[in-house]
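Take a look at the structure below.
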Amino acid sequence: MVNYIWLGMMVISIMVAGIQGNIEVITKAAFEGADTAVKVSFSLIAIMTFWLGIMKLAEAAGLVRGLARLVQPITAFLFPSIPKDHPAMGSIVMNLSANVLGLSSAATPMGLIAMKELQKLNGNSKTASEAMCTFLAVNTSCLTLVPTTIIGIRLMYGSQDPTAIVGTTIFATACGMTVAVIADRTFRKIYNWRRN
912 MVNYIWLGMM
922 VISIMVAGIQ
932 GNIEVITKAA
942 FEGADTAVKV
952 SFSLIAIMTF
962 WLGIMKLAEA
972 AGLVRGLARL
982 VQPITAFLFP
992 SIPKDHPAMG
1002 SIVMNLSANV
1012 LGLSSAATPM
1022 GLIAMKELQK
1032 LNGNSKTASE
1042 AMCTFLAVNT
1052 SCLTLVPTTI
1062 IGIRLMYGSQ
1072 DPTAIVGTTI
1082 FATACGMTVA
1092 VIADRTFRKI
1102 YNWRRN
């Protein structure tokens, strides 16, 4: 659906520019947008590389297993159907750790691995399991303590105080995650009640 919205906006823009005899504006905007995207991407590579390296070191040093044990009461509450030492749990912890650090791009590969492992537990069913739904809700709304990517973008554009957003980010993401967990539990109870 979003693709159709973007396509519609582009077609309407081109038509309006053509009607006004200003078609060169489209070409100029396309080149400026591409130029900005490349500059932003290259600027963020250093931040992403640093944090991905830290996460890889943490994984190799066994800190991920330690972190998984540390947050085990929380993950056991959120994912009661996943066995304690299942590989899915490690991937979930890595994904949530990347999200907590504001590295959504780095979290994506771990999220895909976690879903793949959860699908194995689901018996390759075409219907998502409760654990898969919970993981999707928590991953999408995850608490962010250090919005690394946004801080990097603010630094790149010369912000006087790039870390000023940290407090509001923590508050907003904490609210979002709380609502997601409550909604997940509520819908799960409604679904189980209707099924029985």
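If you're matching positions, the sequence shown starts at 912 in the working numbering and goes up one per residue.
We put the CB at the ideal spot given by N, CA and C, even for glycine.
Thinking just about the alpha-carbon of each residue, which of the options is nearest to the one in residue i?
i	options	result
M1005	R1065, M1026, P991 and I1101	M1026
I965	R1099, I934 and S1008	S1008
S992	T1089, Y1102 and T1045	T1045
V1090	N1050, T960, K950 and T947	N1050
F988	N1103, V1092, V927 and S954	V1092
E1041	V949, K1100 and Q931	K1100
I937	A957, R1096, V922 and A948	V922
Just the Cα atoms here: how many angstroms apart are residue i and residue j?
i	j	result
Q1030	L1047	13 Å
T1074	I1062	6 Å
A1083	I985	20 Å
I1081	T1060	14 Å
D1072	T1079	14 Å
L981	A1018	20 Å
M1021	L968	15 Å
A945	G1087	32 Å
L1023	R1105	30 Å
I1064	V951	7 Å
V1186	G919	Outside the displayed span of the chain (912 to 1107) sits residue 1186, for which this structure offers no information.
N933	P998	56 Å
N1103	M959	41 Å
S1070	N1035	48 Å
L955	A941	21 Å
Y1068	Q983	40 Å
F1098	Y915	30 Å
A1094	Q931	49 Å
N880	N1033	For the chain, the structure presents residues 912 to 1107; residue 880 sits outside this window and is missing.
I1076	A1085	14 Å
I925	E970	49 Å
V927	G977	58 Å
T1038	W917	30 Å
Taking the beta carbon of residue i as the centre, do at least 16 other beta carbons fall within 10 Å, making it buried, or is it exposed?
i	result
G1001	buried
W962	buried
L1066	exposed
I1003	buried
E1028	buried
D996	exposed
F990	buried
M1043	buried
Are the C-beta of residue i and some C-beta of chain D separated by less than 8 Å?
i	result
T1080	Going by chain labels, chain D is absent from the structure shown, which holds only one protein chain.
*Counting pairs of beta carbons, one from the segment 1047-1056 and one from the segment 1004-1014, are three or more of them closer than 8 Å?*
yes
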